Structure formats: C-alpha cells, structure tokens
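Quick notes on the structure that follows.
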Amino acid sequence: MKRRIRHATRTFFGRPPRRRPAGVPAALEYALGVLQVSRRSALSLGLGALMLLLIGLLIVNFVGQVLQSARLESRRAELEAEVALMRAENARLEGAVAFSESDVYAERVAREQLGYAREGDTVIFLREAPPAAPAPLPDSSVSALAPPPPTTLNWRLWWQALFPLTE
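Following this line, the structure appears as structure tokens:
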C-alpha cells in the first residue's frame, strides 16, 4: 500500500480533518484544527517568529542609524561653515600682520602719530584759533566800541605757508 504524499496545498497551521463529527459546527472545527499544530509546524512557527523579531530589531536599529547620520551630517555642515569663517578671519589677520610689519606702516605711524617728517619734507603747523575774549562788562563802554583787531583770512595763511615771501 502506498503512502499518501502531502502536497504544497497544506496551510501553515495544518489542515482541519475532512471528517467531522455530527455534533460540532464547521467553524468551531476549523478553529480547533488551526490550533492543532504538529511538532514540525511549531518549530517552523517559532523560527518564523524569531526571524520576524530579528528583522524588526534590525529595522529599528537602521532607522536610528539613519537619523543619527542626518544629525551628524547637519553638524558637519555647520562646522564646515564655521571653519570657512575662521579661515577667512585668519587670512584677514595675516594680511593685517604683514602690513603692520612693513616699512609703509612704520612710516605712516611715524608721520601720523609721532609727528616725524622725512628729510626734505615741508612741515606745516596749523595755528589754533585764540580763545574768544570774555564778554565785556556793561560798565566798560569804551572797550565795547573799539573795533576788533583785524584777522588774517585762512586762505591767505595757507598761501603764505605754501609760497613764502623771500626778501
């Protein structure tokens, strides 16, 4: 007698028996058949559940890594922008240091701050205006009527400074 071979039509949880007792309804019989699991089916069910659990953990871990990678990438972009600003500032400061160590800067400081002049330069000193005279008292009517002393115009002072009269 040949042994009957089960085909691929078998469901994951097993198939309900074909013959049913007269007293049990068909839906209840099907539910009981689903719950009856053979030893081999229980092992495959356990392995499947374990694999689903591992796949779920891998997905959760992958999503966490993607989020962390996005945070690190944005932080890297911020740091690159900060480094670019620092490099520009460093280049500007190096230029300022190079200028302050040059002869041009030393001459400028000597002329502007220390008042030095090169040999052969004409130095012009500007006269400060004398302080204004205090207001006359009402008793001295004679001094109030006297005309103010004549002042030399500013352009004449410059003309005399630039083109001195040699006698």
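Quick note on my numbering: the sequence shown kicks off at 32 and runs consecutively. Just so it is clear, CB atoms sit at the ideal spot from N, CA and C, and this is done for glycine as well. Only a predicted model underlies this, so the values are computations on that prediction, with no experimental measurement involved.
| message | At 3 residues or longer, what runs of the beta strand (DSSP E) sit wholly inside the region 95–168? | response | Scanning the region 95–168 for uninterrupted beta strand (DSSP E) segments of 3 residues or longer gives nothing; none is fully contained.
| Considering only the beta carbon of each residue, do Ala148 and Arg142 sit closer than 9 Å? | For the purposes of this step, residue 148 is identified with residue 117 of the sequence shown, where counting begins at 1. For the purposes of this step, residue 142 is identified with residue 111 of the sequence shown, where counting begins at 1. Cβ distance < 9 Å, so Ala148 and Arg142 count as in contact.
| query | Whose CA, out of Leu103, Arg187 and Ala101, lies closest to the CA of Leu157? | reply | Working through the sequence shown from its first residue, we reach residue 157 at position 126. Ranking Leu103, Arg187 and Ala101 by Cα distance to Leu157 puts Arg187 first.
| task | Would you identify the three-state DSSP class for Leu196, choosing helix, strand or coil? | result | What you label residue 196 is simply residue 165 of the sequence shown in a count that begins at 1. Of the three classes helix, strand and coil, the one that applies to Leu196 here is coil, per DSSP.
| task | Verify whether the separation of the beta carbon atoms of Leu184 and Ile155 is less than 9 Å. | result | Within the sequence shown, residue 184 is the residue found at index 153, counting from 1. Within the sequence shown, residue 155 is the residue found at index 124, counting from 1. Not a contact, by the Cβ cut-off of 9 Å.
| query | From Arg118 to Glu125, what distance separates their C-alpha atoms? | reply | Looking up residue 118 in the sequence shown gives position 87. Looking up residue 125 in the sequence shown gives position 94. Approximately 10 Å between the Cα atoms of the pair.
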